[in-house]
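S.K.: According to my numbering, the sequence shown is numbered sequentially starting from 37.
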Amino acid sequence: MNKKSLLVLALFAATGLAQAQDTLKKIKDSGSVTMGVRESSGSLSYTLGDGKYVGYHVEICQKVLADVQKQLGLAKLDVKYQPVTSQNRIPLVQNGTVDIECGSTTNNASRQKDVAFAVTTFVEEVRIAVKTSSGINSIAQLNGKNVATTTGTTSVQLLRKHERATGVDFKEVFGKDHADSFLLLESGRADAFVMDGAILAGNIAKAKVPADFKIVGEVLSVEPIAIMIRKDDPAFKKAVDDSITAQMKSGDIAKTWSKWFEQPIPPTNTKVGMPANDNTKNAWAHPNDKPAEDYAKK
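#1: Hey, how far is the Cα of Val159 from the Cα of Leu110?
#2: Give me the Cα-Cα distance between Val100 and Gln130, rounded to the nearest whole angstrom.
#3: Any idea which residues DSSP pairs Glu161 with across the strands?
#4: List the DSSP bridge partners of Gln118.
#5: Is the number of C-beta pairs between the stretch 266–282 and the stretch 216–229 that are closer than 8 Å three or more?
#6: Quick check: what's the CA-CA separation for Pro119 versus Ala215?
#7: Could you please give me the residues that DSSP links to Val204 through a beta bridge?
#8: Just how far apart, CA to CA, sit Phe210 and Arg74?
#9: With DSSP run on the structure shown, which of helix, strand or coil describes Leu80?
#10: Between Pro323 and Thr142, is the Cβ-Cβ spacing less than 8 Å?
#11: Which residues in the same chain as Ala271 place their Cβ atom closer than 6 Å to its Cβ, once the five residues preceding and following it in sequence are excluded?
#12: For Tyr92 and Trp293, which I take to be in contact (beta-carbon distance under 8 Å), what is that distance rounded to the nearest angstrom?
#13: To the nearest angstrom, how far is it from the Cα of Pro303 to the Cα of Phe297?
#14: List the endpoints of the continuous alpha helix (DSSP H) containing Glu329.
#15: In chain order, which beta strand (DSSP E) runs of at least 3 residues are fully inside the stretch 214–291?
#16: For Leu113, tell me which candidate among Ala176, Val255, Thr70, Ile289 has the shortest Cα-Cα distance.
#17: If the criterion is Cβ atoms closer than 8 Å, does the pair Asp227 and Val183 meet it?
#18: Residue range of the alpha helix (DSSP H) that Glu95 falls in?
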């Protein structure tokens, strides 16, 4: 291939990349936007069936997209919902299938190489869920046990790295999504489920008998959870950040939190019963997109 052909190909690739990264133009030209959602990420993002998705992050994103619609002067904006998993959420944002991912994704330095994150909307504490009857109350008691986690998440690595896990030998069992992982615990195929506290609490609230389960043990890590967008698209990131920051300053985000974590939620009108923790309130008061590594330094 000659130099001229190579140059044409390089220009074509650069043009394609620029279009993929100009999300506002893509939304304006198509009159539609695709929101990545989760089917069982606790009260953050979950399905009610029939293509309906709800939750704390879903509602925040709906408000963001309403602001984007106003910014672009669109009379109508068609919001499409695309279910994603822990495994495919990053590739689907990168390849343009999903424009804004509104699930339960940790913002960390490794992921920032591939995608961008809006300002932190929730600071999570990774914990362990067990059956109330299990007698398990700490990491040390997981020795010889089966521990469930969701494929594509970081939770079991965090457990293995925890200082109190030294010498604790457990076997990992994997669920394809959070509901599947919780089912492993519920059915007795796992003795514990390690995951973000909000996801654990949300799945317990929806269990047949919520009192049969409890969240125990040491906090494994503190992680900023944020809405994910494509990398190197500053105009779209600014639009998303501006909307979320306005929700924080007005107090609207605190009301959205209360709605999904402290009030009865569909489909069973059960309360998760989880007030916002101090780290989350601090993130609302001081909007930032710092990765998890910055929280670990504290």
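Virtual Cβ for every residue (Gly too), placed ideally from N, Cα, C. Since this is a predicted model, take the numbers as computed values, not measurements.
M.R.: Walking through what the data contain:
#1: 33 Å
#2: CA-CA distance, Val100 to Gln130, rounds to 20 Å.
#3: Val258
#4: Gly72
#5: no
#6: 14 Å
#7: Partner(s): none; Val204 has no beta bridge.
#8: A straight line joining the alpha-carbon of Phe210 with that of Arg74 spans about 17 Å.
#9: coil
#10: Taking 8 Å as the Cβ cut-off, Pro323 and Thr142 do not qualify as a contacting pair.
#11: Leu60
#12: 6 Å
#13: Distance between the alpha carbons of Pro303 and Phe297 is about 14 Å.
#14: 328–332
#15: As far as the stretch 214–291 is concerned, its whole beta strand (DSSP E) runs of at least 3 residues are 228–232, 249–266.
#16: Thr70
#17: yes
#18: 92–108
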